[in-house]
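Here is the structure we will look at, set down as structure tokens.
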Amino acid sequence: MPHTKFIANYKELNSLVDGLTDTDILINASDDHELMLSLTQAKVDNKINGPILVCGYGVLAQTAYLIKNHQTAIKFIDRIKSLIINKKDGIIANSGSVLNSFLGTYMVSKLILDYMLEKETVLAYGNFETNEIRFDCTL
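Note that the working numbering has the sequence shown beginning at 1328, numbered continuously upward.
Below is the structure:
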């Protein structure tokens, strides 16, 4: 069920939806690294049992991550913290386009399908400059 309320962290989300179940697939396309970290930390803390899909973009790139277990959650937290510290190849000004939303929708859909088919895919990456789209099994 869609909501139009701004969500800042896991606690606010959990309150809004009145709890998450093991079968819920959480998709975060907010491009807010603090929310990304809060939701992923909730996964580490076993507060979220289902998978989390995180989709974000840079000027010429689109990335989607499937956080399906404790191990991928820890790797994702490390990656986001590294991007914040280094401020390269990652979190930058809000520069998305309609192309980012189309590619992000495709990537998230493919990651959900792979998850349902029990494939190991956890990362989707697209680069508009090089015309590269890839799906990987490691972060």
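Just so you know, even glycine gets a beta-carbon here, dropped at the ideal spot from N, CA and C.
Predicted, not measured: the structure shown is a model, and the values here were computed from it.
Next item on the list: Look at VAL1450 and LEU1466 and say whether their C-beta atoms are less than 8 Å apart.
Entry: The question names Val, but residue 1450 in the sequence shown is Leu. Yes, the pair counts as a contact, with Cβ atoms nearer than the cut-off.
Item checked: Nearest neighbour of ILE1460, chosen from GLY1431, MET1443, TYR1442 [CA to CA] -> With respect to the C-alpha of ILE1460, the residue from GLY1431, MET1443, TYR1442 having the closest C-alpha is GLY1431.
Next item on the list: Take ILE1352 and list the residues in its own chain whose beta-carbon comes closer than 6 Å to its own, dropping the five residues that flank it on each side.
Entry: If we look at ILE1352 and ignore the five residues flanking it on each side, its Cβ neighbours are GLY1377, PRO1378.
Item checked: Every unbroken beta strand (DSSP E) within the segment 1430-1464, with a cutoff of 3 residues, ordered by chain -> Here the runs fully enclosed are 1450-1454, 1459-1463.
Checklist line | Cross-strand partners of TYR1392 (DSSP beta bridge) | finding: According to DSSP, TYR1392 bridges with VAL1381, LEU1450.
Check: Hey, quick one: how far does the beta strand (DSSP E) through LEU1353 stretch, first residue to last?
Finding: That run of the beta strand (DSSP E) goes 1353-1355.
Notebook entry, point to check: Where does the unbroken alpha helix (DSSP H) through SER1424 begin, and where does it stop?
Noted result: Counting along the chain, SER1424 falls outside any alpha helix (DSSP H), and DSSP gives it neither H nor E.
Notebook entry, point to check: On the three-state DSSP scale, how would you describe THR1348?
Noted result: DSSP, reduced to helix, strand and coil, places THR1348 outside both helices and strands of the structure shown, so it counts as coil.
Next item on the list: Out of ALA1388, GLY1385, ILE1407, LEU1387, point me to the one whose CA is closest to ILE1394's CA.
Entry: It is ILE1407 whose Cα lies nearest to the Cα of ILE1394.
Check: What did DSSP end up calling LYS1332 once you bin it into helix, strand or coil?
Finding: Note: LYS1332 maps to coil in three-state DSSP.
Check: From VAL1435 to ILE1354, what does the alpha carbon distance come to, in whole angstroms?
Finding: When rounded, the distance between both Cα atoms is 8 Å.
Item checked: Separation of THR1457 from ASP1358, as counted between CA atoms -> Rounded to whole angstroms, ASP1358 and THR1457 show a C-alpha spacing of 23 Å.
Next item on the list: Would you identify the three-state DSSP class for LYS1402, choosing helix, strand or coil?
Entry: Helix.
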